[in-house]
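See structure below.
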Amino acid sequence: NEKANQLAHYLRDTYNIRPDDFVALQLERSEWMIIAILGVLKSGGAYLPLAPDAPATRAKHMLEDCNARALLTQEHLLEHAQTFENMLPVLVVDKVSTPNKENPLHINGSGDLAYINYTSGSTGLPKGVLVEHRGVVRLVRNTNYIPFDSTQVFIQLATYSFDASTFEIWGPLLNGGKLIVVTQQKPTLEDIKDAIRENGVTIIFLTTGLFHLLVDADISDLSSLRYLLAGGEVLSVSHINRAIKSLPNCRVNNVYGPTENTTYSTFCDLSSMGTIVGAAPIGKPISNTEAFILDACYQLAPIGVKGELCVSGAGLARGYLNNPELTAEKFIPHPFKVGERLYKTGDYARWLPDGNIEFLGRIDQQLKIRGFRVEAGEIEQALLEHPSIQSCFVVGHAFEQGKELVAYLVLQATGSLPDTAELRNFLSLSLPDYMIPAYFVEMEALPLTSTGKVDRKALPAPAQGTLSFGTLYVAPRNERERLLSDIWEQVLRRSGIGVHDNFFHAGGDSIKAIQISSRLGAAGWQLAMKELFAHPTIAGQANRMERKKRKYEQGLMTGDVPLTAVQQWFFD
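The opening position of the sequence shown corresponds to residue 1324 in our numbering, with each subsequent residue numbered one higher.
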């Protein structure tokens, strides 16, 4: 608290930070991330969370869009953050100091901004959602979906630029609970399970993909949990039922909500429903929130009839920064309450006879990838910047292992298809990794309907067999490479992966990286996430494993490492 107070006084005295002024943060998960967030809010301003690896062009747009007054970062991230020094002051958070450690004078009201979250935008640029203090308070105080009190232990896993972090951070801090910050930036499954077990975590939020992974792993490591919240995408019924059965002292909640309504809008206590059959409902509104299912004329849809899910209440964001047209389109006057607003979620839903809501999918084909909301138009705009691409269309394709982004490309008459590695590198300059397609399909022309729109049903399904990832195919050459190849092909659900193919170019992501680490661990090899990012090919990983083996053998020969009978047998 004293460090946060010092930071708040410095920001207020040096930059005259006032309500609704933005201070940007580019930080990794640590105690300094929490101190920085608290310091900005105590100063009276609002924070803009930037991912440490945010593409420079995307980060620059955000900083300019919200007119950030300063950027707080860490020493080891300074080189990246200094890219923006010509735009605003760049400060190392733990170097900011002032003698005043007292709580600063409170200058905020409930309608002032707490933070801005940028989500994918259909125009090709991310749009900033303006979240007020009252929205955060409504999420974690005097509510009905879980008990917030001083006995609870929360774990903070989400990147702070993802709105789930609002629940993770303020749930304990505004209720006297304990907050466990996972400081590994790319935590493995083992890191997460260790943190839960060692700290007696009682409340956790998991994105759908991570929920499925943890249930598939040794679920006994989750025995300390009392409340497990999962959401972001449709939950697997088999995983829900397994979690409910294996965790009898834990309540499993399906949670739903757009960023525009401060993280969660509805919840469903699945544990109280017995065995789930069919789709899991998203439940009923949380406290201080209302949900309506409306037809095209904004009239209430009857029970069982599909309509658009709309929400209202204290959690509603102020709107979109510098975008009054979109704000007016999405935040409409409440048709039943004078002076209030509704947010149109763009999701189809219906009321069930038991009073729960069933989610039925997107109206506008907006995508959800690993919990992140993605506008296909933003990816298409980035692809069209490439000189070889004439037109394109991006969809989310459901594979057995989950939904993946697929880009269909029509090339310029004089162009040739860039290899996948080149395309991914090109897109990474402006898009975060979760928005980069896993598949690129070349087409002579995009199929059209009679009305001139792209005919989604006529798009060919991307092949999951042998694919080219921009490198000459080289088969595994030894036992270690064959082990890695087998695991990669199982996780990525692809055959023909060569030893020089990049894991991330072949469709890998952070969730699949955790699966790789877990399977290698079962085979006797430890793999930290940073090692996969540093050596993303089978050949690179095999060389890393060989170096580890030699280093270990040298320790054995010099007597630095105790030798067990099993190790002796292994190295013999």
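By construction, the Cβ of each residue, glycine as well, lies at the ideal position given by its N, Cα and C atoms.
DSSP places Ser-1569 in no beta strand (DSSP E) but in the uninterrupted alpha helix (DSSP H) bounded by 1560-1569. Selection Pro-1449, Leu-1683, Val-1363 and Ala-1374 evaluated against Val-1416 yields Val-1363 as nearest (Cα-Cα). Per DSSP, the unbroken alpha helix (DSSP H) holding Ile-1515 starts and ends at 1512-1522.
The beta carbon of Asn-1801 sits closer than 8 angstroms to the beta carbons of Ala-1865 from its chain, once the five residues preceding and following it are set aside; these are given in chain order. In this structure, DSSP gives Gln-1349 an extended state, which the three-state scheme calls strand. Counting along the chain, Phe-1856 sits inside the alpha helix (DSSP H) bounded by residues 1852-1857.
A check of alpha carbon separations from Ser-1546 across Leu-1552, Ser-1569, Gly-1532 and Leu-1533 identifies Ser-1569 as the nearest. By the criterion of at least three beta-carbon pairs nearer than 8 angstroms, the stretch 1841-1859 is in contact with the stretch 1802-1816.
Approximately 4 angstroms separates the beta-carbon atoms of Thr-1530 and Gly-1694; this is inside 8 angstroms, confirming the contact.
With respect to the C-alpha of Leu-1644, the residue from Asp-1336, Asp-1343 and Pro-1581 having the closest C-alpha is Asp-1343. Scanning Ile-1834, Ala-1481 and Arg-1549 for the CA closest to the CA of Glu-1727 turns up Ile-1834. Sixteen is the threshold: when 16 or more other Cβ atoms of the shown chains lie within 10 Å of the Cβ of Cys-1715, as they do, the residue is buried. The beta-carbon separation of Arg-1457 and Ala-1637, rounded to 5 angstroms, stays under the 8 angstroms limit for a contact. Here Gly-1434 has Glu-1455 as same chain residues with Cβ atoms under 6 angstroms from its own Cβ, once five neighbours each way along the sequence are excluded. With respect to the 8 angstroms criterion, Thr-1506 and Ile-1837 are not classified as neighbours on the basis of their beta carbons. Contact between Val-1634 and Asn-1584 holds: CB atoms are separated by about 5 angstroms, below the 8 angstroms threshold. Taking C-beta atoms under 8 angstroms as the contact rule, Met-1758 and Ile-1702 qualify, at a distance of about 6 angstroms. Shown here for Pro-1372: same chain residues with a beta carbon closer than 6 angstroms to its own, the five before and five after excluded, namely Leu-1348, Tyr-1483 and Ser-1484 in chain order. Cβ atoms of Ile-1526 and Val-1476 come within 8 angstroms of each other, at about 7 angstroms. In the DSSP assignment, Asn-1576 forms a beta bridge with Leu-1552 and Asp-1592.
Residue pairing of Trp-1674 in beta bridges, as defined by DSSP: Ile-1680.
Judged by pairs of C-beta atoms under 8 angstroms, the stretch 1373-1383 touches the stretch 1744-1759, as three or more such pairs exist. About 5 angstroms separates the beta carbons of Thr-1586 and Asp-1486, which is inside the 8 angstroms limit, making them a contact pair. Ser-1714 carries a strand assignment under DSSP once its states are collapsed to helix, strand and coil. For Ile-1439, DSSP records a beta bridge to Leu-1453.
The C-beta of Arg-1873 has fewer than 16 other C-beta atoms within 10 Å across all chains shown, which makes the residue exposed.
Rounded to whole angstroms, the separation of the alpha carbons of Phe-1590 and Tyr-1468 is 7 angstroms. Collapsing the DSSP output to three states places Cys-1620 in coil. In the three-state scheme derived from DSSP, where H, G and I count as helix and E and B as strand, Leu-1497 is classed as coil. Beyond the five residues adjoining it in sequence on each side, Tyr-1338 comes within less than 7 angstroms, by CB distance, of Arg-1392 and Ala-1393 in the same chain, given in chain order. In the three-state DSSP reduction, Ala-1736 falls in the coil class, being neither helix nor strand. Nearest in C-alpha terms to Val-1797, of all of Leu-1782, Ala-1784, Val-1777 and Ser-1818, is Ser-1818. Here Tyr-1731 carries a strand assignment [DSSP, helix/strand/coil].
Taking 8 angstroms as the cut-off, the beta carbon of Asn-1328 is found closer than this to the beta carbon of Lys-1365. Trp-1674 and Pro-1783 have their C-alpha atoms roughly 35 angstroms apart.
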